[in-house]
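Student: Residue numbers (our numbering): 30 to 202.
Okay, handing you the structure first.
Here you go:
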């Protein structure tokens with residue numbers, strides 16, 4: 030059995046910060062290793078596919094004060110078996126994690142249009158910056174509408190799943 034080691038306050042702050050970020054759904058960093066320890070594997074710091082899928086299928090409530098039309102942009106990541114996903118080879122879990130990666134890049138300050146160009150698999154998405162223009166609830170699938178219409182102006186959604194794949198939605202108007 031290993032004797033207890035005293036950790037420096039800085040290491041404790043880093044570990045607690047990483048735990049808080051994980052609990053709040055933020056990007057997670059691997060905990061710092063102390064002398065005599067090896068750093069954990071990079072994969073252990075990555076969000077789990079199960080957590081991603083749970084967030085993507087979470088039930089959302091309609092807002093009482095929602096507008097009849099909103100402007101939206103989105104990133105769409107497809108997977109094998111999704112509607113209109115001919116040629117897609119990634120699994121549902123891989124697609125969810127890729128959509129989460131796109132969301133985290135945007136949250137981190139990346140340009141939305143550049144993330145669309147890199148991640149979105151919707152025909153023509155890059156040329157229009159992922160814009161769908163203005164939509165009514167009836168124009169889009171219910172999970173997409175529920176997530177989009179709960180957003181405030183200039184707010185980014187979490188990952189949302191529809192039968193076409195995983196979306197990250199940004200309300201523009």
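Ideal Cβ placement from N, Cα and C applies to all residues, glycine included.
1. Quick check on the burial criterion: 16 or more other C-beta atoms within 10 angstroms. Buried or exposed for residue 88?
2. Using only the alpha-carbon positions, how far apart do residue 163 and residue 137 sit?
3. For a quick check, are the C-beta atoms of residue 101 and residue 200 less than 8 Å apart?
4. Is it right to say residue 126 is buried, meaning 16 or more other beta carbons lie within 10 angstroms of its own, or is it exposed?
5. Output the boundary residues of the beta strand (DSSP E) element that contains residue 190.
6. In the DSSP output, which residue or residues are listed as bridge partners for residue 104?
7. In chain order, what residues of the same chain have a beta carbon less than 6 Å from the beta carbon of residue 121, not counting five sequence neighbours either side?
8. Which of the three DSSP states is assigned to residue 164 in this structure?
9. Got a sec, what are the start and stop residues for the alpha helix (DSSP H) residue 140 sits in?
10. Closest to residue 134 by CA distance: which of 78, 153, 185 is it?
11. Taking the alpha-carbon positions, what's the residue 55 to residue 118 distance?
12. Could you give the C-beta distance for residue 230 and residue 196, rounded to a whole number, given that I count them as a contact under 8 Å?
13. If you draw a straight line from the C-alpha of residue 149 to the C-alpha of residue 93, how long is it?
14. Going by beta carbon distance, what residues of the same chain come within less than 7 Å of residue 160, once the five residues before and after it are set aside?
Tutor: Straight from the coordinates:
1. exposed
2. 26 Å
3. yes
4. buried
5. 185-191
6. 197
7. 108
8. strand
9. Residue 140 -> no alpha helix (DSSP H), and no H or E assigned at all.
10. 185
11. Below a pLDDT of 50, predicted positions are generally treated as unreliable, and residue 55, at 43, falls in that range; the measurement from the model is reported next regardless. Roughly 28 Å separates the two Cα atoms.
12. Since the first residue of the chain shown is 30 and the last is 202, residue 230 is not available in this structure.
13. 31 Å
14. 102
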